[in-house]
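The numbering of the sequence shown is the numbering used here, which starts it at 1 and goes up by one. Built from N, CA and C at the ideal position, the CB exists for glycine as well. Small disclaimer: the values here were computed from a predicted structure and weren't measured. Accompanying notes for the structure given below.
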Amino acid sequence: MNFIRMWTYGFYLHNCKIRLKSKPFLVGIECRRSDCVKLVPNFQSNNRNDLSMSSRPSRQEFVSDGAIDVFPRETLRWFFSLVSDQLKSPALIEEETIFKLKPFVYLSTVNVLWPKPLSFSSYGINETDALRNASKNVLYWLKSNTYMDSHHKPILNSQHHILTTGQRLFYSTSTQRTNATNVARTEAVDTDKIKSLFPHPKGVLHNWFLLVSNALEDPKLKISPTYKSVKAGKNAVLWECVYTLKWPRSGQFSATANRKQDAAHKAALEALIWLYHNKLLNAKGQPILPENVVVPPEEEKCRKLRVGANEYQSMTSIAESVKSGEVRAILENFTSCNQEENMPVIEEWVQSDVPQQQYTDRNFYVAKEPTRLPISDYKEELIGLLARNSVVIIKGEPGCGKSTRVPQYVMEAWARDLGAANSPCRIIVTQPRRIAAASLAERVASERGESVGSTVGYNVRFNTKFSKKTGHIMYCTSGILLNRLKTDPKLSDCSHIILDEAHERDVTIDLLLILVRRALTLNPKLKVLVMSATMDAELFRDYFGDAPILNIPGFTHPVEQYFLTDEKLPSFQMCMSKIPRVLPKDVADCIKFIHKKKPEGAILCFLPGWEDITKVKDLLPPRTDMVTLCVHSRLSMAEQRKIFSKAPPGVRKVILATNIAETSITIDDVVYVIDPGIQKEERLDEQKGIVCIDYHWISKASAKQRKGRAGRCQHGECYHLYPQFHHDSFMEYSIPEILRTSLTKIVLNSKIYSNNMKAIDFLQRLITPPKKAAIESAVQELKDLELLDEHENLTPLGRTLSHFHLHPKLGKAMVNAVLFKCVTPIVDIVTLYSDESALFSNDLLDKARITDHLRKESATSDHLAMMQLFEKWLYYIESQDYRMADAMCQDLGLVQPKLFTLQKLRSVHLDYLHKGLYDVLPISDDLSDYDELVKAVLLSGVGNLLRRREWDIVKGRRRNKPALVTRHNQRATVSSSSVNAMTRKLPPDFLVYINEIILNVRKTSLIRETSTVSSLAVLFFAPGEIELHEIKSKDASSDQVLLKLGKSDIEFHCDRRHALAIKECKEAIEKYKQYYIFQLTTGNSYSVVINNAWKRVLKHLMVALKTDS
């Protein structure tokens, strides 16, 4: 007999007697102490540090719970040997793996395949300690989840099963052989997800190990692939790529392919899948390490901010101005009344001065029906339902006539019952788009033999044809009614509200639903009809308290549908990818096929956006027998109306349209519809609070609407550029816009609609409430903009901007322009970029020429360049020099109808300032010539800033290459059409921008228009307080500090004296701003002392902003 001692969890067990037989089996351990655990399982062992499980366990068992704490490794192996025997399965526990993270820090992982594939990890001060702790984690998990009884035996039932070999994933993509040294199996993971996260796996893998080697201070952990050629047949040769890992465990990932590059791509992808599954790699491609192992951040050289003597003196003067006795007293005393209490926002509505309606005779108001439509049979039923109910839901199939006939039926019912009693009848019919509202009003007026504006009219932005005396039916856009509800929550002078095309579920429709439902309680006489062809009628019925549903069949001629069946077609293959895209050539080929092979009839082709429309149009050569027209919101109403005109005999009309043409409008001569099944749609990134725009598949409801366009007036055909099985996978209905857009403006408006109710309480009453996280993000953004206070009530500025039909950021920039005396340029810039309309007719085809024109106006600012062009055109128009205005537009390719629309919009924006603010400061342009100030004021409102960093990630690897990033550290690309395009020069330190488009396909933000701003302009005007932090420097004589802007990543090294001056200067400017914002919006107090002091501050500020750090 021999005596040994066993190292167990930090203490020794002595006097253990080992009885040896002919084979090296540990048959028993006897302890001379009576309280020692007795265990007698068989373990085969040639190495006490690497015991492997024997095939048959001993019949004896552990009898004490202390086994888990004292002998966790042995207990675990014995437990799984019992499981393996009972389930007749091979080894269910994988060998432990140990990694040295740092001195005295070891990580151990134990993988189990029962009751499901799991990995348990733990740390220790040495290998054994880490192994024991990991084993204990497994045992306690088994026991707490009732897979182990009190005697440490497995508890199995009929539901327990084992992963079969076919379910295990081996990390070798070689089709020739499975490398025995490859890392062992783990549960299957979503490979497509990993591929989408890491399109360049080789670079990501190399970068991952670079970061790990830096964190663990071990350069040997860096990896590089090895290649060799392998035979794949008599004459075929493949390349094999092998990645050999040394951390977190030794192993290899190999793959073969025809090319080295493809083999490396496959092998690296398999390694990333394993790392991701084992929670060692996050979605950004960065390593996930234990808490006590820190990956050093990517070091970025901090900018040095140098301030000249003149700038320093000016900043000091600004800071000192608020310390003088009289100025200080005024600025401090007004703040006590700066924050208002929770005051009611909506005042009691006062009856507007509406003229008395003229009543002719009953027969005059009878519905005129030149053609009988399906809804004609339901006329009396509809009138009866409306008489008995406040709300009626109408689900009418396409072509039933609901949009043109229902308003007439309602007017006729009024004339029958109440017309003689002089009870007013004003029917408001909402449409999602201007062209639909105008065209429907014209169609109904034509059917009645009247001119538009008499009995039937319309009201859209900048264009109204409706008589208050004789008008009874008014078609309008949804936004028109929404704005009316701000001042008239009862809709007191309306008798009927018809919400048409409710299925579109844009933001205005959803808000109208909640506000109209409230109006029904305030105005019992009001009647509401909700109509659509493809809506979820039951959803609307329940929302309006079990309102009756009237189903009306449609009248459409038969429409033959065609789906793709040829798998070789690019569009068919595209449908197999997760990211849809339009293939212009396939669309153009389909148009050419119909034109060549099919009888006469117009072709309506749906496309996601203007860029796709332009590309398809360019692929259609000019022909005498075909005319191509476009429908897009960027085109003028007159241009879009051309689609209703019939083509001459022998000429086929081709209409390229967005989903504007999907509902409401009817084009009589359309026989053929082409449906690529794709639309451009905004989706909200809730974490970042920004909107991403990308291509998405349409819903089944949209596909049905598109098909219906072909059979309105005769037999038609619909060509779906996707296979039938792909159509079957579409969503039933489109995602409501309220669930996929920014809620900032919506929350601000909700405060007006709801008397300052909590945003989440109000929006939860919507028919489809948005997510709580999206609401909270919007509320926080409004607090950051100082439009909501800490209690979520409207601030004076918030109340003012809620009446601006602008995004709050743009509205804030306009108000700040009043303070800094540069109103006109800011209003012009806001007008140009709030409309989101392209002003150049050939902007996609002639970008270089347009950019050259813009650079002549401003070499560093797209916003100033466009403002200069706009003001130049305005000068010609106001001078009545129309010939020069026409020549300018022709020379630059400007769309003059759009400029006229912007001119009207500009007047509206100026009225916001003149009528919405108190006359405390004059609406002045004294400082409009200071470009740096104008750009800084724009930044003070929008707050969107690009900053340059000195490195970038290219194909997953870090490169010493400058890049621009947003405030969310999202990589940004400046459009090649911008004057600041990064073609040949180093990008500037900072750029301000208004609009960004997040492209998920390229995983980047696309910025079309930018303006450079100086470092001091950023510090003074960007949101956030300035913080100063000490710097540890080896140079004792250095007096540098770290100057940081709020929560952003904007930092500078700066002389302490200058940094303090910058901080105090910004604080002083903020005090003046708070004072003036309050007086302009609420206080209405004029102070000569403050005004004079502010004039001096602005002069000093001009000097300070001349620096370009």
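Residues in its own chain within less than 6 Å of residue i by CB, not counting five upstream and five downstream?
i        : result
Leu-281  : Leu-275
Ile-877  : Ala-885
Ala-1068 : Ile-318, Ala-319 and Val-322
Arg-433  : Ile-660
Glu-996  : Ser-1005 and Ile-1007
Tyr-365  : Met-411, Glu-412 and Ala-415
Gln-242  : Residue identity check: residue 242 is Val in the sequence provided, not Gln. Thr-226, Gln-252 and Ser-254, listed in sequence order.
Gly-479  : Thr-508
Phe-563  : His-720, Pro-723 and Gln-724
Glu-1025 : Gly-1046
Glu-340  : Annotation note: pLDDT 43 at Glu-340 (below 50); position unreliable, no value reported.
Arg-303  : Phe-1052
Pull up the distance between the alpha-carbon of residue i and that of residue j, whole angstroms please.
i       : j        : result
Lys-700 : Val-392  : 25 Å
Ser-336 : Thr-1081 : Confidence at Ser-336 is low in this model, with a pLDDT of 41, below 50, so its placement is unreliable and no value can be given for it.
Arg-405 : Ile-383  : 12 Å
Gly-457 : Ser-492  : 20 Å
Leu-788 : Leu-917  : 18 Å
Cys-713 : Val-673  : 13 Å
Ala-657 : Ser-196  : 31 Å
Gln-890 : Pro-584  : 28 Å
Met-866 : Thr-360  : 53 Å
Arg-765 : Lys-758  : 12 Å
Asn-960 : Trp-951  : 4 Å
Leu-806 : Val-992  : 19 Å
Val-582 : Ile-591  : 14 Å
Ser-324 : Arg-855  : 45 Å
Asp-835 : Arg-1056 : 45 Å
Glu-560 : Leu-797  : 57 Å
Is residue i near the ligand PLP, going by C-beta to nearest heavy atom under 6 Å?
i       : result
Lys-469 : By its list of ligands, the structure shown contains no ligand whatsoever, and the ligand PLP lies outside what it can speak to.
Which same chain residues, not among the five before or five after residue i, have their C-beta less than 7 Å away from its C-beta?
i        : result
Cys-575  : Tyr-722, Pro-723 and His-726
Leu-910  : Val-827
Ala-1061 : Tyr-312, Met-315, Thr-316 and Ala-319
Glu-397  : Ala-533, Ile-552, Pro-553 and Gly-554
Val-327  : Ser-321, Val-1089, Ile-1090 and Ala-1093
What three-state label does DSSP hand residue i in the structure shown?
i        : result
Pro-1023 : coil
Lys-143  : helix
Gly-916  : helix
Ser-1114 : Lying before the first or after the last residue shown, residue 1114 is absent from the chain, which here runs from 1 to 1109.
Tyr-276  : helix
Glu-732  : coil
Val-1097 : helix
Tyr-123  : strand
Leu-619  : coil
Ile-1007 : strand
Arg-461  : coil
Val-112  : strand
Arg-971  : strand
Could you round the C-beta distance between residue i and residue j to whole angstroms and report it? I think they count as a contact, below 8 Å.
i        : j        : result
Val-212  : Trp-247  : 6 Å
Leu-76   : Val-138  : 6 Å
Ile-767  : Asp-506  : About 12 Å separates the two Cβ atoms, so there is no contact after all.
Glu-240  : Lys-231  : Their Cβ separation, rounded to whole angstroms, is 11 Å, which puts Glu-240 and Lys-231 out of contact at 8 Å.
Leu-1045 : Ala-1022 : 6 Å
Gly-711  : His-557  : 4 Å
Apart from the five residues just before and just after residue i, which ones in its own chain have a Cβ nearer than 8 Å to its Cβ?
i        : result
Glu-381  : Leu-550
Ala-263  : Tyr-227, Leu-238, Trp-239, Glu-240, Cys-241, Ala-255, Thr-256 and Ala-257
Asp-1039 : Asp-1055, Arg-1056 and Arg-1057
Report task. Entirely within the stretch 628-706 and at least 4 residues each: give me those alpha helix (DSSP H) ranges in chain order. Result -> 637-641
Report task. May I have a chain-ordered list of the alpha helix (DSSP H) segments no shorter than 4 residues that lie completely inside the stretch 193-251? Result -> 201-215
Query raised in the report: Which whole runs of the alpha helix (DSSP H) in the stretch 726-801 are 4 residues long or more, in chain order?
Result: 744-753, 759-763, 772-784 and 796-801
Query raised in the report: At what residue ranges does the stretch 499-524 contain a whole run of the alpha helix (DSSP H), taking only runs of 4 or more?
Result: 507-522
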